[in-house]
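Notes for the one structure printed next.
Number of protein chains: 2
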Amino acid sequence: MLNRKFFEERDQADPLSCFRAEFSLPDELIYLDGNSLGALPSQVMNRVSRVIEREWGHDLVRSWWDNRWMELPAILGDKIAQLIGAQPGEVIACDSTSVNLFKVLSTALSSSPDRHVILSDRANFPTDLYIASGVISTMGRDVEMRLVGSGELEQQIDSSVAVLFLTHVDFRHGARCDMGHMTRLAHDAGTLVVWDLSHSAGAMPVELNACEVDFAVGCGYKYLNGGPGAPAYVYVAQALQAGVRTPLTGWMGHEAPFDFSTRYAHAAGIRQMLCGSPPILSMAALEVGVDLLLDADLAEVRKKSIQLTSLFMQQVNERCKEHGFTVLTPREANRRGSQVSLAHPHGFEITEAMCHHGVVADFRPPDLLRFGFAPLYTRYTDVWDAVETLHQIMEEGTWDRREGDNRGEGTAR
Amino acid sequence: MLNRKFFEERDQADPLSCFRAEFSLPDELIYLDGNSLGALPSQVMNRVSRVIEREWGHDLVRSWWDNRWMELPAILGDKIAQLIGAQPGEVIACDSTSVNLFKVLSTALSSSPDRHVILSDRANFPTDLYIASGVISTMGRDVEMRLVGSGELEQQIDSSVAVLFLTHVDFRHGARCDMGHMTRLAHDAGTLVVWDLSHSAGAMPVELNACEVDFAVGCGYKYLNGGPGAPAYVYVAQALQAGVRTPLTGWMGHEAPFDFSTRYAHAAGIRQMLCGSPPILSMAALEVGVDLLLDADLAEVRKKSIQLTSLFMQQVNERCKEHGFTVLTPREANRRGSQVSLAHPHGFEITEAMCHHGVVADFRPPDLLRFGFAPLYTRYTDVWDAVETLHQIMEEGTWDRREGDNRGEGTAR
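So this is what it looks like as structure tokens:
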């Protein structure tokens, strides 16, 4: 049996421990929901203040040039590229993950006019599936969305499949797909791949180029710590950029936005994925989050992530096993991301009780408790303390409202 | 001949003069570019600080509920509705103007499967035309984009036209379209209308319901003073909301976003126009700008706007007439918006020189100087001082680089 001292020693030996001080987190809180909303980097306030007071308030419209607002999508894209194994000019920050997915799925489907299937995992992130159905509605031809279980994906990849689109790390169970393997299988069948990196980028190295990925999207507000609703990003492999065909042809993607010509002519390269004007305040905050990650060794981030999730699963098994939890996250380290999901019939009430005791996780229907571990700010002692709290709640039964505990309205969603 | 005292007296009598103090503008600056980027409302810093430090930093993920982040698009939409003559539930704030235009044009075209023309003004805002061509590419049938001069629009509206889409106030010359008249003509021919309010909302009352407008979009960063790249908004008339068909089917537009079901089912009402997660920092700033406008009497705003633009044109005619300027903005008050555009063969150099002398206007190729008048913060004396500066520059010839004046790099774009 481990004790708290073991976890304290791990924190002392942690090469990433210095990053904790770069975040503003309430002292009393154990925050295990960075897979939903990343914590606040302390420098965001300074950066956004400068953007508001100096750049907007003082320099005004000239800031589009003098303070490089026009360039922020590309500057941020090139920085994010370093986190996901891409080259400069392959990534750009803009819009939301959903809108960016619309762009790349439109492009991928248009590139394969003789194929009629979009293949995905039935458990893919729902908004990704919604967007795919929206893209299909624009295709002017019969395209089938084929959703199968993750175990059936391999056998379903054939010459009818235009696009295989998957999420790198599953939001429910935290299972990690083998990006290299699945991309190779797709390419062997002449199928394009689109990866959603929302639940992996920032928590581990991602190797888009090495895996020869065609397209990818991801969000800025989870492990990139870019703030609520932060702009997202989109990746198009260099070799495919000449063939982009997004119908979201806005002025920022024009080859000469300030010529104000009547006809659309797309910019060269990744800029053609831009559409409207970027929300600069939110972009500036995202840059601070991304800069922090650029200072970290992503191999160390991954190593710590594996240790945190391993220890959490191990502790839950040891200390809470008689309380009816099922661990749904793969035990094999390279098959999981940076979260642990437990199933429990009273998951909602338990998540609420944890929150009441200062441990923030989240609940997903029907019965999932999700615990996210963000290696830049999650401490080893947080693992111990969170399981200690869980253990205590289960032993005392205080999660059960029928026990007469009056905690008021729940907030753990 | 008027003198500066006349303008000072106008400022003293101005019922809107109190609003100037609600903006942070550099003392020495005459800012006449609010039609491109609105000035900074002083309260933005407080509001955004609170969102960052308290809501993101302290309350973290619970803020989606506890601080109503989930509701911000609808809250802001209902506020903007009051500025544009719409009802609660008809407007929602989200995405960019371009992305929102994609949604409404897709819907409008899908609603008229037996019509094959999108009709617009050749001088419409270019990004609007680009987006229309993108929408057409998704239609799976031949749709013609018919661009004509503004004088030819009326005769071109017939039963082949699915959608008439126009900008309320033209970005080049500041001419204002007769929204009621054009909408009636379109409806008489069974044609739907889409209006872009980017250059009118916030500078004058807009009467979408009274004009029976079908769809509208607009941006948040011009006269709404929402900050650089602020979220935009979209309006769908109540009666048409049941027939919305946007292909941008993201999770925020789902009828139950937190059920995480596999199939998309659109929300009722205007919420179905949402797609991805809203950028909260930028949304919060926009709310401050909109709140300021809600405190103003829009009839007074329009009255002042007309006076400012009239006086500016009159002063330019009186004092700069021998210097080769052509006033392109309509003299008739109800035919113009809140900007004045002058043509001059050396427009670029003159705009730069003005900027160097503390008067910010902007230049649009090939020869346009644009002066925007934002009645909440533009003073009558700004009109006098700007023309005084223009007069002086033209008299002294200091705009002409060949005269040896060395002002360094220009920034007036």
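Just so you know, the sequences run in chain order Z and E.
Per this note's numbering, residue 513 is the first one in the first sequence, and the count goes up by one each step.
Per this note's numbering, residue 513 is the first one in the second sequence, and the count goes up by one each step.
Even for Gly, the Cβ is constructed at its ideal location relative to N, Cα and C.
Since this is a predicted model, take the numbers as computed values, not measurements.
CA nearest to the CA of residue i, picked from the options
{"i": "Pro769(E)", "options": "Leu617(Z), Tyr747(Z) and Leu641(Z)", "result": "Leu641(Z)"}
{"i": "Val729(E)", "options": "Ala644(E), Glu799(E), Leu588(E) and Val748(E)", "result": "Val748(E)"}
{"i": "Ile905(Z)", "options": "Glu540(Z), Gly870(Z) and Arg876(Z)", "result": "Gly870(Z)"}
{"i": "Asp803(Z)", "options": "Ser529(Z), Arg559(Z) and Ala525(Z)", "result": "Arg559(Z)"}
{"i": "Asp809(Z)", "options": "Glu799(Z), Ile596(Z) and Met582(Z)", "result": "Ile596(Z)"}
{"i": "Glu900(Z)", "options": "Met866(Z), Trp707(Z) and Pro878(Z)", "result": "Met866(Z)"}
{"i": "Leu902(Z)", "options": "Thr890(Z), Arg913(Z), Pro887(Z) and Phe883(Z)", "result": "Phe883(Z)"}
{"i": "Asp807(Z)", "options": "His835(Z), Ile792(Z), Leu888(Z) and Gln826(Z)", "result": "Leu888(Z)"}
{"i": "Ala593(Z)", "options": "Thr639(Z), Phe727(Z) and Thr650(Z)", "result": "Phe727(Z)"}
{"i": "Leu786(Z)", "options": "Ser536(Z), Leu588(Z), Glu565(Z) and Ser548(Z)", "result": "Leu588(Z)"}
Residue i versus residue j - alpha carbon distance
{"i": "Ala845(Z)", "j": "His680(Z)", "result": "14 Å"}
{"i": "Val660(E)", "j": "Ile630(E)", "result": "11 Å"}
{"i": "Gly762(Z)", "j": "Glu830(E)", "result": "41 Å"}
{"i": "Val673(E)", "j": "Ala797(E)", "result": "39 Å"}
{"i": "Arg684(Z)", "j": "Leu541(E)", "result": "54 Å"}
{"i": "Gly732(E)", "j": "Ala605(E)", "result": "9 Å"}
{"i": "Gly738(E)", "j": "His868(E)", "result": "26 Å"}
{"i": "Arg532(Z)", "j": "Val895(Z)", "result": "15 Å"}
{"i": "Ser645(Z)", "j": "Ala780(E)", "result": "18 Å"}
{"i": "Gly550(E)", "j": "Arg847(E)", "result": "22 Å"}
{"i": "Glu908(Z)", "j": "Ile862(Z)", "result": "12 Å"}
{"i": "Ser529(Z)", "j": "Gly569(E)", "result": "19 Å"}
{"i": "Thr923(Z)", "j": "Ala873(Z)", "result": "Confidence at Thr923(Z) is low in this model, with a pLDDT of 40, below 50, so the placement of that residue is unreliable and no value is reported for it."}
{"i": "Ala586(Z)", "j": "Gly686(E)", "result": "32 Å"}
{"i": "Lys1007(Z)", "j": "Pro600(Z)", "result": "One cannot answer for residue 1007(Z) here, as it falls past the ends of chain Z, which runs 513 to 925."}
{"i": "Ala777(Z)", "j": "Gln851(Z)", "result": "43 Å"}
{"i": "Glu864(E)", "j": "Asp539(E)", "result": "19 Å"}
{"i": "Glu664(E)", "j": "Met582(Z)", "result": "36 Å"}
{"i": "Thr910(E)", "j": "Asp897(E)", "result": "17 Å"}
{"i": "Leu697(Z)", "j": "Glu656(Z)", "result": "20 Å"}
{"i": "Glu521(E)", "j": "Leu514(E)", "result": "12 Å"}
{"i": "Gln524(Z)", "j": "Asp633(Z)", "result": "41 Å"}
{"i": "Phe519(Z)", "j": "Arg783(E)", "result": "46 Å"}
{"i": "Leu823(E)", "j": "Tyr892(E)", "result": "9 Å"}
{"i": "Val611(E)", "j": "Lys591(E)", "result": "21 Å"}
{"i": "Asp670(Z)", "j": "Val725(Z)", "result": "18 Å"}
{"i": "Gln668(Z)", "j": "Glu767(Z)", "result": "39 Å"}
{"i": "Asp700(Z)", "j": "Glu666(Z)", "result": "11 Å"}
{"i": "Glu567(E)", "j": "Ala598(E)", "result": "30 Å"}
{"i": "Ser817(E)", "j": "Ser853(E)", "result": "14 Å"}
{"i": "Gly765(E)", "j": "Ile643(Z)", "result": "11 Å"}
{"i": "Val705(E)", "j": "Asp578(E)", "result": "38 Å"}
Those residues which DSSP pairs with residue i across a bridge
{"i": "Leu659(E)", "result": "Ser632(E)"}
{"i": "Phe727(E)", "result": "Val706(E) and Val748(E)"}
{"i": "Ser536(Z)", "result": "Leu552(Z)"}
{"i": "Met716(Z)", "result": "Ala713(Z)"}
{"i": "Cys606(E)", "result": "Ala744(E)"}
{"i": "His778(E)", "result": "His766(E)"}
{"i": "Tyr543(E)", "result": "Val872(E)"}
{"i": "Phe614(Z)", "result": "Answer is none; Phe614(Z) lacks a bridge partner."}
{"i": "Leu676(Z)", "result": "Leu631(Z) and Val705(Z)"}
{"i": "Gly884(Z)", "result": "Gln851(Z)"}
{"i": "Val681(Z)", "result": "Arg688(Z)"}
Cβ distance (whole Å) where residue i is taken to contact residue j below 8 Å
{"i": "Leu840(Z)", "j": "Gly859(Z)", "result": "Between Gly859(Z) and Leu840(Z) the Cβ distance is about 11 Å, and since that is not below 8 Å, they are no contact."}
{"i": "Lys615(Z)", "j": "Leu760(Z)", "result": "6 Å"}
{"i": "Thr609(Z)", "j": "Ala744(Z)", "result": "4 Å"}
{"i": "Leu678(E)", "j": "Trp707(E)", "result": "6 Å"}
{"i": "Pro790(E)", "j": "Leu584(E)", "result": "6 Å"}
{"i": "Leu617(E)", "j": "Val675(E)", "result": "7 Å"}
{"i": "Phe837(Z)", "j": "His856(Z)", "result": "5 Å"}
{"i": "Asp930(Z)", "j": "Ala635(Z)", "result": "The structure shown does not extend to residue 930(Z), since chain Z is modelled only from 513 through 925, so no value can be given for it."}
{"i": "Val556(Z)", "j": "Val800(Z)", "result": "5 Å"}
{"i": "Val499(E)", "j": "Asp545(Z)", "result": "Residue 499(E) cannot be examined here, being either before or after the span of chain E that is shown, 513 to 925."}
{"i": "Glu534(E)", "j": "Ser554(E)", "result": "6 Å"}
{"i": "Val647(Z)", "j": "Ala715(Z)", "result": "Incorrect: roughly 28 Å between the Cβ atoms, too far for contact."}
Beta-carbon neighbours of residue i, restricted to chain A and to distances below 8 Å
{"i": "Thr679(E)", "result": "Absent here is chain A; the protein component of the structure consists of chains Z and E."}
heavy atom of the ligand FMN below 7 Å from residue i C-beta
{"i": "Gln851(E)", "result": "This structure simply doesn't include the ligand FMN, nor any ligand for that matter."}
TODO: Could I get the ranges of all uninterrupted beta strand (DSSP E) runs contained in the segment 821-875 of chain Z, with 3 residues as the minimum, in chain order?
DONE: 851-855
TODO: Any chance you could list the alpha helix (DSSP H) runs of at least 4 consecutive residues sitting entirely within the segment 569-606 of chain E, in chain order?
DONE: 575-578 and 584-595
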